[in-house]
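Visitor:
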């Protein structure tokens, strides 16, 4: 019997292996409450017996030791504990917990863990993520290391009786680290220089060059724009376009300038409140102007202003604290110690900005060029001079000057700033709003007034500090904060290694996964703070590690032991993001523009003839010149219809904050790579480059396009297969000139003089096949 081993089959195999491993794991000799017990109680018990007193059943609370031992747990005596009795009752018994109707049932191992925990005294611990990280001692290991990251990872491998995988070859490593730091593959010249550099610091020098590239900021801004829910439209049904690209440019420039992350945080959340705030700091506050606005007739401005504030609270805690505060908007959190009152005390920090769901997006910050300012000043002077000249004249003497004045004022009104950006601006005095509890999250059903504050489960807000957005931002990046450094370190780790040390990077609460390497996470968090939040230095630390440089090749034995590479006994292997896939093919084809910053662009897309629900067409006029080939980061992002090919590769619409993109594998993705005009044009362009520069023989040309796409040189067998494919395609196209012309020129345009149409079409087929290879779409 043969088994299907495609993506679905592989996923099922991993799931079966993982489930089997979990079930087969023995009960730990020493029970750790946070590691072993809390996840079980959270998954099976807290929804009915947790923090939310309004929905708590049987007045039983299991999220605290006091509540547990008051009614259901007898420390040291599992057989006398009602909790154990209920959990082990027959499914037919009405007293069984969880109730049979929920479909939930503890695994035998989970029951044994709880029994042992009760037997050991039923001790509780504060949730690990709410305890300030303390720098752990770096463990020793028998394996060679580059930095402390390796010590933590390899000590664990040693304990698991596993060994690290040897370092990847230099071609693989060059492509991997270039993609991770810049989102683009390295040029052929860069690769050869690195491969042939025999100095001990060859790799480090290569990394430093990547960190210094403008492409670094563009790549890392893409990650941040998902968190910021950045889009070029306002959302909801009409989804009108919004001018906010100056914020996107701020993010790019901040990463390239290596702005300390704590400063980056404060500027975005409260840049307008900084003393003598600069234009850049005010632009930064557009982070929270990325919220949606609804201009549909008949809607309540206050309803959608309130919705924007709710989104700001939820986004802030999700991005910086890895905390799902949204649950506490309507009621006390079911799983974490967060009350509804605390939610609205946090809400109060964001409830006094001037924006109020207006169609004109005010307050906005205009941007004027020197020429526009000069023109505006000249017209203002002419208007003022003419108005002064008209004073004292009789009406019948004023007509010529009055007509001229009307014309001048019309010209003045036509002088507009180059662009503008919505920003945050605090209300003052009597205009400030009061914040009240909202019953079940209903903005029209209000309760008691509350003042600004933060959840008690986290570190205390400075007693003498004013309760402002600025102080709240400082509270987030305080060294006393137990979460922010962990969350951000984990986020950077996730981008580099493919999976976070805490896999659920959006959820560090009780419903989140436990860290795979808790001591390493705490070391990284304390290191990030010790480095004064230096992002480039932190990322360099990650990619310089021996663990990162391992080959991604995996043996059957290692795959069986660690199918998801959580122990990191091999290098990362991850599917590229939507933007990286598109940018990579344009780069390989020699089409990618290096132009940075500026207004969003409209690259090619299939025109679908579709309209927004209550707006105009979602099709667009393709940008001209190099703007058509700019990086995906600059593509105009409309929430109601994001750029189709990137949506197919899991780019979000950005209605809300997205911490972790989904990774799907569908037939539609292959169809995009084969048929989308961007990918077709890239294949045609690289085919023409191969004919012009790839060499004299077909084997040389095959090797040329292979290296352009995959960085490494092909094997003899790979060259032979590509040449065979070329020859078959060329013979077919030679018999059908019309089809060959279509395949070789649409959409790129007419062929250069002297290029045979069948030759160009056949090489286009070869390139298209390479661009569909798994190796092209993966970081490995």
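Numbering (my numbering), first residue to last: 18 to 797. Beta carbons: idealized from backbone N, C-alpha and C, even for Gly.
Going by C-alpha to C-alpha distance, which of 713, 320, 291 sits closest to residue 461?
Guide: Selected option, being the one with the closest Cα: 320.
Visitor: My guess is that residue 158 and residue 168 are in contact by the Cβ rule of under 8 Å, so how many angstroms apart are they, rounded?
Guide: About 6 Å separates the two Cβ atoms, so the contact holds.
Visitor: Using the C-alpha atoms, what's the distance from residue 684 back to residue 519?
Guide: Taking the straight line joining both Cα atoms gives about 30 Å.
Visitor: Taking three-plus beta-carbon pairs below 8 Å as touching, is the region 481–488 in contact with the region 308–319?
Guide: The region 481–488 is not in contact with the region 308–319.
Visitor: Helix, strand or coil for residue 437? Go by DSSP, reduced to three states.
Guide: In this structure, residue 437 counts as strand in the three-state DSSP scheme.
Visitor: With burial defined as no fewer than 16 other Cβ atoms inside 10 Å of the residue's Cβ, what is the status of residue 276: buried or exposed?
Guide: By the neighbour-count rule (16 or more Cβ atoms within 10 Å), residue 276 is buried.
Visitor: For a test of the three-state rule: what should DSSP assign to residue 384, helix, strand or coil?
Guide: In the structure shown, residue 384 sits in a strand (DSSP, three-state: E or B).
Visitor: Consult DSSP for residue 117 and reduce its assignment to one of helix, strand or coil.
Guide: In the structure shown, residue 117 sits in a helix (DSSP, three-state: H, G or I).
Visitor: Could you give the first and the last residue of the continuous beta strand (DSSP E) run that contains residue 467?
Guide: Unbroken beta strand (DSSP E) run through residue 467: 463–467.
Visitor: Since residue 685 is in the beta strand (DSSP E), which residue starts that stretch and which ends it?
Guide: Premise fails: residue 685 lies in the alpha helix (DSSP H), 684–692, not in any beta strand (DSSP E).
Visitor: If I follow the unbroken beta strand (DSSP E) through residue 453, where does it start and stop?
Guide: Looking at the DSSP string, the run of the beta strand (DSSP E) that includes residue 453 is 452–455.
Visitor: In whole angstroms, what is the alpha-carbon distance linking residue 20 and residue 155?
Guide: Interpretation of residue 20 is limited by its pLDDT of 32, a score under 50 that renders its predicted location unreliable; the figure taken from the coordinates is listed afterwards. Cα-Cα distance, rounded: 45 Å.
Visitor: What does the Cβ neighbour count give for residue 589, buried or exposed, with the cut at 16 atoms within 10 Å?
Guide: When all chains shown are included, residue 589 counts as buried.
Visitor: Could you give the distance in angstroms between the alpha-carbon of residue 87 and the alpha-carbon of residue 331?
Guide: Distance between the alpha carbons of residue 87 and residue 331: 34 Å.
Visitor: In or out: residue 335 buried (at least 16 other Cβ within 10 Å) or exposed?
Guide: Burial call: buried.
Visitor: Between the alpha carbons of residue 711 and residue 537, how many angstroms are there, rounded?
Guide: Those two C-alpha atoms are separated by around 47 Å.
Visitor: Excluding the 5 residues flanking residue 785 on each side, which residues of the same chain have their C-beta closer than 7 Å to its C-beta?
Guide: Closer than 7 Å at the Cβ level, and outside the excluded window around residue 785, lie 691, 700.
Visitor: Which partner residues of residue 338 appear in the DSSP bridge assignment?
Guide: Beta-bridge pairing links residue 338 to no other residue.
Visitor: Quick one: give me the first and last residue of the alpha helix (DSSP H) that residue 173 is part of.
Guide: Counting along the chain, the alpha helix (DSSP H) containing residue 173 begins and ends at 165–176.
Visitor: What is the residue span of the alpha helix (DSSP H) that residue 757 lies within?
Guide: Here the alpha helix (DSSP H) through residue 757 covers 754–762.
Visitor: Would a check of beta-carbon distances place residue 467 closer than 8 Å to chain B?
Guide: In the structure shown, chain B cannot be found, because there is only a single protein chain.
Visitor: Once DSSP output is grouped into helix, strand and coil, what is the label at residue 780?
Guide: DSSP places residue 780 in helix when its eight states are reduced to three.
Visitor: Figure out for me which residue from 176, 596, 180 has the closest Cα to the Cα of residue 161.
Guide: Out of 176, 596, 180, 180 has the C-alpha closest to the C-alpha of residue 161.
Visitor: By how many angstroms is the C-alpha of residue 109 removed from the C-alpha of residue 54?
Guide: One C-alpha to the other measures close to 26 Å.
Visitor: By the DSSP assignment, the alpha helix (DSSP H) with residue 534 in it spans what residues?
Guide: Where residue 534 is concerned, there is no enclosing alpha helix (DSSP H), given that its DSSP letter is neither H nor E.
Visitor: Nearest-angstrom Cα distance between residue 580 and residue 166?
Guide: Rounded to whole angstroms, residue 580 to residue 166 spans 21 Å at the Cα level.
Visitor: Alpha carbon to alpha carbon, what distance is there between residue 102 and residue 511?
Guide: Approximately 41 Å, taken between the alpha carbons.
Visitor: So, are the CB atoms of residue 146 and residue 525 less than 8 Å apart?
Guide: Yes.
Visitor: Skipping 5 residues on each side, what residues in its chain have a beta carbon closer than 7 Å to that of residue 297?
Guide: Once the five neighbours on either side are set aside, the close Cβ partners of residue 297 are 267.
Visitor: If the criterion is Cβ atoms closer than 8 Å, does the pair residue 742 and residue 782 meet it?
Guide: Cβ distance < 8 Å, so residue 742 and residue 782 count as in contact.
Visitor: Would you tell me roughly how many angstroms separate the C-alpha atoms of residue 39 and residue 129, rounded to the nearest one?
Guide: Caution is warranted here: a pLDDT of 47 is assigned to residue 39, below 50, making its placement in the model unreliable, and the coordinate value is therefore given only provisionally. C-alpha separation (whole angstroms): 14 Å.
Visitor: Pull up the distance between the alpha-carbon of residue 706 and that of residue 772, whole angstroms please.
Guide: Taking the straight line joining both Cα atoms gives about 11 Å.
Visitor: Quick check: the region 390–397 against the region 360–372, are there 3 or more CB pairs under 8 Å?
Guide: No: the two stretches stay apart, fewer than three of their Cβ pairs being nearer than 8 Å.
Visitor: Look at the Cβ atom of residue 585, then the Cβ atom of residue 564, and state whether they are nearer than 8 Å.
Guide: Yes, these two residues count as a Cβ contact at 8 Å.
Visitor: Cα-Cα, which of 426, 273, 517, 600 is closest to residue 552?
Guide: Of 426, 273, 517, 600, the residue nearest in Cα terms is 273.
Visitor: With DSSP as the reference, label residue 567 as helix, strand or coil.
Guide: Strand at residue 567.
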